[in-house]
Structures are given as structure tokens and as C-alpha cells.
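Residue numbers (my numbering): 1476 to 1898.
Beta carbons: idealized from backbone N, C-alpha and C, even for Gly.
Shown next, in the form of C-alpha cells:
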């Protein structure tokens, strides 16, 4: 069986990472339209769809990338190394702003951090032999863990979980499930994980706190994060992590459902039948998620089972629509910009985390107010974008869209030159 490149899946991935870029890069975090913010706790906004959509898309891509379903030592090593490379890239984002070099500060420190970034990025995304990839990935992971637990002041509270770290874990598990189990086993595994997580979160008392609950900072997932990740969690929560340990378990099911959809797309049936089945599955999952929401609320931070079903239902429905329009009706006009984003997501994910942090490090005297210092990112927004808008939320969105336009141009150059960055 030959590998099948689904344009609709690339477009879906492109739309998702483009939305991620808009969400993560507003001009002003104090003025953001509500749909571009995460739900405060229970609930689900458009922003809360980005992460689960990524995991779903990754799951769909697994069988398309390995259609022959051959499991051996070489294949296992490729999966392991790719997972480790993603894991290490994700952790590096958390280290970037804490790197200290020989007492340097300001621009010299920024140059040093960027030099390390280029080295790490090349080590984790460069093309090497399997043996070299292994050595580099394990070595970098060891360095991270050593620094995090060495007692060195600069790194004593560096965060270890994160978005790419969770994607790496799910990719590893889902890939092995695909290669080693039947679809029936994959479905049973997904059901067991969702029901088991529901039972664990709602029935098991929280040590030192009391009855099971789903509140911030007092639920079982928060307690486990505090025990196992103490001092290395998200800086805005401190006592728990939105990409923590226990909440990673149900996220595996987002990947499993994507995996099942990917295998559906490989079946020897007509494309129209595939689109119809995806649409039906999507609607059923949405309804199931909303019904479960009554007793186990939609919640991204807890990654509740209802949230898994609801988000994968939406993802399946969106993919069915794109699949029909692009791969069946053959209507591709207007989708090229999203395709350009979709074939090169890793470089955007990696660089868009680093660029804003770098711009913030470039400080100088504000020419419009000599009594204050201002960083380059704030200066560009405050004096280059905000003055053109009366509505501060519109100005903030414009800042994000300008950033998207810059990245679209960069990705277009990469696309024209067939430059694709992978882990």
C-alpha cells in the first residue's frame, strides 16, 4: 500500500496552526476578543479546540504515514526518537527564557540564547542517521533533567510539561497501538481510558483535601501534579499544570479517534462513503460529548472525557467537510495559504514560541517618553499598529494578524523552495 497525501488533512492542520498563531500572539493580552481566549474553567471556546485538533490530526496521519503497518526494531526506534525529539523541542521553550550565560545581560544574552536555540533546533530537526538522532535526543533530555533538578537557581522552577510534550507522548502511544493492535482493541482502549478517567476524577478522594471534585487546584489531577512535578509546573497556576500527568491520559483518546478515522480513510470504499461515515461519526461524538458534559463538564485544563468526545466530534466533522470539498469535489481554490501552513507546522510551532520572547528582551529608551524603557515587541505594537484602531480589541487582533501575514510570507518561501522541517 502506498502512502496517501490528503490535501484536506494538510489544510485542516494549516487552519489549526494558523488559529494557534492568532491566539498565542495578540497585540495586547489585556484586550482580546473572548472567543480567542481559553474558557476560564468549565466550558469550551474556539481557542480550546486548537490543542485537541492537533492531537486528532496527528492520530489521523499515523496510518497514512505507515500504511504497510510493519512493526520491527527499526520502526519502534523511529517512533521513539521522533517522540523524544518532539518532547525535547517542547521542553526547550520553557528553558529559553531562563538560560544564563557567564553573567551576560540584554542583547549579548539574547544572542547567546538564539545561538543555543539554533543549535538545539538543528539537533532536533536536522537530518541525521538513526544512531545520531538517538544520541542527540537522549543527551538533550538528560541535560534538561539535570538542569531542572540540579539545584541551580536559574532552573529550579523551569516547567517540564507542555503542549508539544503531550503531543509527543500521545504520538508514541497511538503509533504503537496502531502497529500492534486491531481496531477493536483500539476502540476498547479508548472507551476504558475515558470511563476510567471519569471514575478516577469523580470517585477517588483527594489525599489531604477531601472528596473527589473538579475544582481548580483541589482535584485529583492537581494533587498528582503537585506531588510529581512540584516546582516545575505552569507559572500561572503553580500548584497544578494544564498539561499535567493524569490529564494526559484521556488526551490519548483524541489520538486514538484520529487513528480510527485515518484507518477509515484507508478502507476500500468510495470517497463519498468515507465522507458520509466521518460526518455521522462526528455528529455522534459531539452529541455524546454534550450529554456527558451534564455530569462531567467540558474542561480543557482537566481534559475531561466529555471534552475529548466533543472536540474529536468537531474535528471529525470539519475534516469530513474539508475532505468532501477538497478531495471529492476537487475544489482547491482559496485553500493554498492554509496548505502552505499545514505542510510546515513544526517550524512555526518552534519559532513562534521563541520570537516574541526574543523581541521582549530587546529594550531601549522609549523615544516618545524618555522616562521609561520599552521592549521592541511592545514598541512595534503600541506605535505601529494600535494608533490605527479605536477599538483596543480590534487593534490587538490586528497585531496577531500582522504576525500571521509575516509568517505566511516566510512559509510561502519555504513552500516554493520545498523546505519542510520535521522532527
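- Residue pairing by DSSP places residue 1840 opposite 1848 in a beta bridge.
- By the 16-neighbour rule on beta-carbons within 10 angstroms, residue 1828 is buried.
- In terms of Cβ geometry, residue 1612 and residue 1563 form a close pair [threshold 7 Å].
- Sequence-distant Cβ neighbours of residue 1679 in its own chain, meaning closer than 8 Å and more than five residues away, are 1687, 1695.
- As DSSP reads the structure, residue 1692 sits in no beta bridge.
- Between the region 1721-1729 and the region 1691-1707 there are three or more C-beta pairs closer than 8 Å, enough to call the two in contact.
- Between the region 1587-1604 and the region 1888-1898, the count of Cβ pairs shorter than 8 Å is three or higher; the stretches touch.
- The beta carbon of residue 1513 sits closer than 7 Å to those of 1520, 1522, 1523, 1775, all from its chain and outside the five residues before and after it, given in chain order.
- Assignment of residue 1681 by DSSP, reduced to helix, strand and coil, places it in the strand class.
- Contact annotation: residue 1757 and residue 1730 have beta-carbon atoms that are not nearer than 7 Å.
- If you check the CB distance, residue 1781 and residue 1773 come in under 7 Å.
- Taking 7 Å as the cut-off, the Cβ atoms of residue 1535 and residue 1494 do not count as close.
- For residue 1543, there is no enclosing alpha helix (DSSP H), since its DSSP letter is neither H nor E.
- If you check the CB distance, residue 1763 and residue 1784 come in under 7 Å.
- Looking at 1676, 1607, 1884, the one whose alpha-carbon comes closest to that of residue 1819 is 1884.
- Contact between residue 1561 and residue 1639 holds, with the beta-carbon distance rounding to 5 Å and staying under 8 Å.
- In the structure shown, the three-state DSSP call for residue 1709 is coil.
- Counting along the chain, residue 1782 sits inside the alpha helix (DSSP H) bounded by residues 1780-1797.
- 1511 is the residue among 1619, 1543, 1511, 1592 whose C-alpha sits nearest the C-alpha of residue 1869.
- Beyond the five residues adjoining it in sequence on each side, residue 1632 comes within less than 8 Å, by CB distance, of 1706, 1707, 1710 in the same chain, given in chain order.
- Of 1684, 1671, 1624, the smallest CA-CA separation from residue 1725 is found for 1671.
- Along the region 1521-1578, the alpha helix (DSSP H) occurs as fully enclosed runs of 4 or more residues at 1525-1540, 1548-1571, listed in sequence order.
- Rounded to whole angstroms, the gap between the alpha carbons of residue 1509 and residue 1549 is 47 Å.
- The Cβ atoms of residue 1716 and residue 1636 lie closer than 7 Å to each other.
- Boundaries of the alpha helix (DSSP H) around residue 1733: 1723-1739.
- Non-local C-beta neighbours of residue 1836 in its own chain, meaning closer than 6 Å and more than five positions away in sequence, comprise 1585, ordered along the chain.
- For the pair residue 1777 and residue 1566, the Cα-to-Cα distance works out to about 21 Å.
- DSSP places residue 1630 in no alpha helix (DSSP H); its state is neither H nor E.
- DSSP places residue 1806 in the coil class of the three-state scheme, outside both helix and strand.
- Taken in chain order, the unbroken stretches of alpha helix (DSSP H) that lie wholly in the region 1594-1669 and span 4 residues or more are 1605-1624, 1638-1655.
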